[in-house]
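**Q** Would you mind keeping the following structure in view while I ask a few things?
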């Protein structure tokens with residue numbers, strides 16, 4: 066994977082705890098990172114606090130001029146994106162291979 070890409074792979078339930086970890090990782094980014102790829106393949110469920118953290122992450126990376134890409138979302142997460150119309154805000158790919 067390109068050295069300008071930071072891949073993050075949360076696991077289990079994506080909630081406030083995982084969301085906070087994601088925000089901490091984003092805050093520590095160096096200027097050479099141009100893209101963050103979040104692979105949700107191992108995430109079984111995302112609650113509202115996890116979704117909120119994802120929105121804050123998007124805002125933060127945009128301020129740093131970093132591209133945020135999300136891949137491998139399950140049906141529950143897809144439904145959240147569809148219901149909130151954020152499927153038009155987030156760049157979502159079917160899987161990691163689609164990014165490379």
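Numbering (the working numbering), first residue to last: 66 to 165.
Quick reminder that beta carbons are idealized off the backbone N, C-alpha and C, glycines included.
Helix or strand or just coil, what does DSSP make of residue 102?
**A** strand
**Q** Look at residue 73 and residue 90 and say whether their C-beta atoms are less than 8 angstroms apart.
**A** yes
**Q** Go ahead and pull the three-state DSSP assignment for residue 138.
**A** The answer is coil: DSSP assigns residue 138 none of H, G, I, E or B.
**Q** Give the C-beta separation of residue 115 and residue 80 to the nearest angstrom, bearing in mind that I take them to be a contact with Cβ-Cβ under 8 angstroms.
**A** 5 angstroms
**Q** Confirm, please, whether the CB-CB distance from residue 164 to residue 102 is below 8 angstroms.
**A** Yes, the pair counts as a contact, with Cβ atoms nearer than the cut-off.
**Q** By DSSP's criteria, residue 77 is part of a beta bridge. Which residues make up the other side?
**A** 108, per the DSSP bridge assignment.
**Q** Roughly how many angstroms separate the alpha carbons of residue 124 and residue 75, rounded to a whole number?
**A** 19 angstroms
**Q** What three-state label does DSSP hand residue 124 in the structure shown?
**A** Assignment of residue 124 by DSSP, reduced to helix, strand and coil, places it in the helix class.
**Q** Grab the span of the alpha helix (DSSP H) containing residue 93 for me, first residue to last.
**A** Boundaries cannot be given for residue 93, as no alpha helix (DSSP H) includes it and DSSP labels it neither H nor E.
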